[in-house]
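Participant: Take a look at the following structure, please.
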Ligand code: GLP
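In this note's numbering, the protein residues as written are 29 to 268.
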């Protein structure tokens, strides 16, 4: 695992966007799994222009959504699906066969998980994962204590996630469960980037990088990844 610290969120975002461009350029049919949230927003926003500038054909890569809130419709502006549609799927004009997102309203969530696992495995696995980190060290919705052996699964959200998650929603929203790719997907991905930005992530980044590798802090698993990259801005790195 490698750690890189950038001056600010903009510099961090630009580098992540460039790495996504390089991934698609080097392997046009890449399978790329992406988180939602405030942290990667700018990187995704920069991506269409960078792809255009580099003349990279992005009609062959596949986008996988990392996670979703259970019981939240995709039209809700706080859903991960809405975020990925408005930041990437729409602007990049991805075709229907080019992306797969969890449906948090699916009547059978286990079938939804199985379908995601099968979709990824049929495409030969994930080439690149870009993930953020929760205030409790979660990756996607892999909450503290989750098994590192799980693929896609449904999980009860812990109190921190339910509280912090309100920031994505226009009105107070009940957030009980999440559906997410598992830490097994992260471990099996060819490469994984963990992004963190801002003072509020400084404490959890110190625990992630300097404490013991511990299932109670799921993000610590990135340290075992041979192609793991932790990319931080100075504020998130301020306690290291
Ligand atoms: C959310 C999502 C994660 C995201 C993380 C950090 O709850 N489930 O996929 O990476 O928490 O979000 P943010 O970038 O908004 O801080």
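For each residue, glycine too, the CB sits at the ideal point set by N, CA and C.
It should be emphasised that the depicted structure is a prediction, and the values quoted were computed from it without experimental measurement.
Consult DSSP for residue 253 and reduce its assignment to one of helix, strand or coil.
Facilitator: coil
Participant: Is any non-hydrogen atom of ligand 1 found closer than 7 Å to the C-beta of residue 248, if you look at the structure I gave you?
Facilitator: The answer is no for residue 248.
Participant: Taking residue 176 as the reference, which of 192, 212, 239 and 217 has the closest Cα?
Facilitator: Looking from the CA of residue 176, the closest CA among 192, 212, 239 and 217 belongs to 212.
Participant: Is the beta carbon of residue 45 sitting closer than 8 Å to the one on residue 80?
Facilitator: no
Participant: Evaluate contact between the stretch 204-221 and the stretch 113-127, counting only Cβ atoms and requiring at least three cross-stretch pairs below 8 Å.
Facilitator: no
Participant: Here's the rule I'm using: 16 or more other beta-carbon atoms within 10 Å means buried, otherwise exposed. How should residue 153 be labelled?
Facilitator: exposed
Participant: Which residue or residues does DSSP assign as beta-bridge partners of residue 181?
Facilitator: 208
Participant: Only counting runs of 4 or more residues, tell me where the alpha helix (DSSP H) segments fall wholly within the stretch 29-94, in order along the chain.
Facilitator: 37-54 and 66-82
Participant: Report buried or exposed for residue 198, applying the criterion of at least 16 other Cβ atoms within 10 angstroms of its Cβ.
Facilitator: The residue is exposed, with fewer than 16 neighbouring Cβ atoms inside 10 Å.
Participant: From 205, 159 and 82, pick the residue whose C-alpha is nearest to that of residue 134; which is it?
Facilitator: For residue 134, the closest alpha carbon among the candidates 205, 159 and 82 is that of 205.
Participant: Leaving aside the five residues before and after residue 42 along the sequence, list all residues of the same chain whose C-beta is less than 7 Å from its C-beta, in chain order.
Facilitator: 74
Participant: Heavy atom of ligand 1 less than 7 Å from the Cβ of residue 114, yes or no?
Facilitator: no
Participant: So, is residue 187 buried or exposed, given that buried needs 16 or more other C-beta atoms within 10 angstroms?
Facilitator: exposed
Participant: Answer with buried or exposed for residue 85, where buried requires no fewer than 16 other C-beta atoms within 10 angstroms of its C-beta.
Facilitator: exposed
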